[in-house]
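If you read the sequences in order, they're chains A and B. Residues 1 to 208 in my numbering are what the first sequence spells out, letter by letter. Residues 1 to 208 in my numbering are what the second sequence spells out, letter by letter. In this text, a Cβ means the ideal position worked out from N, Cα and C, and glycines have one as well. Please read these numbers as outputs of a predicted model, since none were measured by experiment. Here is the structure we will look at, set down as structure tokens.
2 protein chains.
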Amino acid sequence: MRIPESIRKFADFFSKLPGIGPRQAIRLGFYLAESGEGARAEAEKAIESLADIKICTRCFYVHDTKGELCEICSDSSRDQSTVAIIEKETDLMSLENIGKFKGVYLVIGDIRKKSILEPGQKLRLQSLKARLKELPPSTSSGQSGGKAKEIIIAVNPTSVGNINAAAIADELKGSTEKITRLGIGIPSGGEIEFADAETLGGAMERRT
Amino acid sequence: MRIPESIRKFADFFSKLPGIGPRQAIRLGFYLAESGEGARAEAEKAIESLADIKICTRCFYVHDTKGELCEICSDSSRDQSTVAIIEKETDLMSLENIGKFKGVYLVIGDIRKKSILEPGQKLRLQSLKARLKELPPSTSSGQSGGKAKEIIIAVNPTSVGNINAAAIADELKGSTEKITRLGIGIPSGGEIEFADAETLGGAMERRT
């Protein structure tokens, strides 16, 4: 079946975006082609408005606050010596929403299936290491400074995530007292019957 | 967690598109915000180019051929008296890809959960009825003309789809010799264990 050329072009671009497969991209193309000039203008405006956005020079989170730093990095009540390393902004949002984490973040960007730590990601880790070196000694925890208290490598516990987590840990091992990852276990509301061996093993180990 | 305003606006629009949920829309917003001016310009261009597209005046399929009719409607080898009614263009593509259907189509557009046959969809069915009335008598099938040989209501066999299929059948009952729907059964490669009662019942009835 021949697809109209402009839909093909639209789909070629949009299927490269995260979470949009080739079929969905075609579907979206047909939908926007049908919805008329107004909807398309609105879509273009929505994309254009993203130009207002800045990237935090410290944690690389996308933000629109006045300064160079994002809300979290410029919040003096956050513990600068505890750092969660996350893949993407939406993971940061998920972690912020539970309200349990009082440290700061480092967004390293999408982990690709084909490579371990891309050059851009290594640069972000370098900038984290440089920032950790500047940490003052903490009187409360008796720390000598220049190191993080804890780095939580909060990437997905998939095989690709695990490989990259190991590489990140390797990169940062001299810069922190402790390196942790999120706990593996049965998701709340999930069923033991459908959990794979690794999940169930993690749940057993971390039983409470 | 506060989301930057322009990402919120972007997500508001894009989460209204088919198959994009609020979370994915936010994710896309962050992604396009991060990917820089070039990627955003490309996205806007891809959307703009959809303006070239026409809608077939007979079957309402989106196309970019020269005439008023799409490739299928203007193909004289297709049987104009067998009509498949489908929801969306991608369904048409799926049916065309199997290469077994030699009739023509009517795209009625997305079936909504909240209503049965929207005004626009009724208009499309009216235009189909008008077109069927013009059908010449067929000597091979001994038909008197003015009616379709068969109308296949190829909407999804979901509860909403079934309600709408019944409404479509009702609307078209005077305009066709036969009204059919796609067969329910175990999907190829699927497992009997996970099939629900209706699927399994359909598979039993249609056993070969």
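{"Item": "Need the endpoints of the alpha helix (DSSP H) that TYR31(B) sits in, please.", "Value": "22-34"}
{"Item": "With 8 Å as the C-beta to C-beta threshold (strictly closer), list the residues of the segment 123-154 of chain A near chain B in chain order.", "Value": "none"}
{"Item": "Thinking just about the alpha-carbon of each residue, which of LYS66(A), ALA203(A), VAL104(A) and GLN121(A) is nearest to the one in GLU171(A)?", "Value": "GLN121(A)"}
{"Item": "Return the chain-ordered ranges of every alpha helix (DSSP H) run that is complete within the segment 88-141 of chain A and spans a minimum of 4 residues.", "Value": "89-98 and 119-133"}
{"Item": "Which residue marks the beginning of the alpha helix (DSSP H) containing ALA84(A), and which one marks its end?", "Value": "Taken as a continuous stretch (DSSP letters only), ALA84(A) belongs to no alpha helix (DSSP H), being part of the beta strand (DSSP E) at 79-86."}
{"Item": "Given that a residue counts as buried once 16 or more other Cβ atoms are within 10 Å of its Cβ, and exposed if not, what is ILE153(B)?", "Value": "buried"}
{"Item": "Measuring only between beta-carbons, confirm whether PRO18(B) sits less than 8 Å from chain A.", "Value": "yes"}
{"Item": "Using a Cβ cut-off of 9 Å, pull out every chain B residue sitting near SER76(A), in sequence order please.", "Value": "Within chain B, no residue comes near SER76(A); the closest Cβ sits about 18 Å away, beyond 9 Å."}
{"Item": "Measuring CB to CB, does GLY161(B) end up less than 8 Å from ILE85(B)?", "Value": "no"}
{"Item": "Would you check if there are 3 or more beta carbon pairs closer than 8 Å linking the segment 8-16 of chain B to the segment 183-200 of chain A?", "Value": "no"}
{"Item": "Assign VAL62(B) to one of three DSSP states: helix, strand, or coil.", "Value": "strand"}
{"Item": "In angstroms with no decimal places, state the Cα-to-Cα distance between ALA148(B) and GLU177(B).", "Value": "6 Å"}
{"Item": "Does LYS54(B) come out as helix, strand or coil in the three-state DSSP assignment?", "Value": "strand"}
{"Item": "Given SER15(B), which residues of its chain have a CB within under 7 Å of its CB, disregarding the five upstream and five downstream residues?", "Value": "GLY21, PRO22 and ALA25"}
{"Item": "Please report the straight-line C-alpha distance between LEU50(A) and ILE116(B), rounded to a whole angstrom.", "Value": "38 Å"}
{"Item": "Please report the straight-line C-alpha distance between ARG181(A) and ASP196(A), rounded to a whole angstrom.", "Value": "19 Å"}
{"Item": "Is GLU150(B) helix, strand or coil by DSSP?", "Value": "strand"}
{"Item": "Three-state secondary structure (DSSP) at ARG181(A)?", "Value": "strand"}
{"Item": "Answer yes or no: do ASP79(A) and GLY99(A) have a C-beta to C-beta separation smaller than 8 Å?", "Value": "no"}
{"Item": "In terms of residues, what are the limits of the alpha helix (DSSP H) holding LYS16(A)?", "Value": "It is not in any alpha helix (DSSP H) - LYS16(A) carries neither H nor E in the DSSP assignment."}
{"Item": "Is any beta-carbon of chain A found at less than 8 Å from that of GLU87(B)?", "Value": "no"}
{"Item": "Check whether chain A comes within 8 Å of GLY120(B), counting only Cβ atoms and requiring the distance to be less than that.", "Value": "no"}
{"Item": "Quick one: grab the DSSP three-state call for THR158(B).", "Value": "coil"}
{"Item": "Just mark LEU32(A) as buried or exposed, buried being the case when its beta carbon has 16 or more other beta carbons within 10 Å.", "Value": "buried"}
{"Item": "Show which residues of chain E have a CB atom less than 8 Å away from the CB atom of THR82(B).", "Value": "As a matter of chain content, chain E is missing from the structure shown, whose protein chains are A and B."}
{"Item": "Taking 8 Å as the threshold (beta carbon to beta carbon), is THR236(A) in contact with chain B?", "Value": "The first residue shown for chain A is 1 and the last is 208, placing residue 236(A) beyond what the model contains."}
{"Item": "Interface residues of chain B around ARG40(A) at Cβ under 9 Å?", "Value": "ILE47, GLU48, LEU50 and ALA51"}
{"Item": "Do GLU34(A) and VAL62(B) have their beta-carbon atoms positioned less than 8 Å apart in this structure?", "Value": "yes"}
{"Item": "To the nearest angstrom, report how far apart LEU132(B) and CYS59(B) are at their CA atoms.", "Value": "12 Å"}
{"Item": "Classify THR208(B) as helix, strand or coil using the three-state DSSP reduction.", "Value": "coil"}
{"Item": "Throw me the rounded Cβ distance for the THR199(B) and ILE184(B) pair, which I believe falls under 8 Å.", "Value": "6 Å"}
{"Item": "When you compare only the Cα positions, how much space is there between THR65(A) and LEU123(A)?", "Value": "24 Å"}
{"Item": "So that I know if they touch, is there some Cβ in chain A lying closer than 8 Å to that of SER6(B)?", "Value": "yes"}
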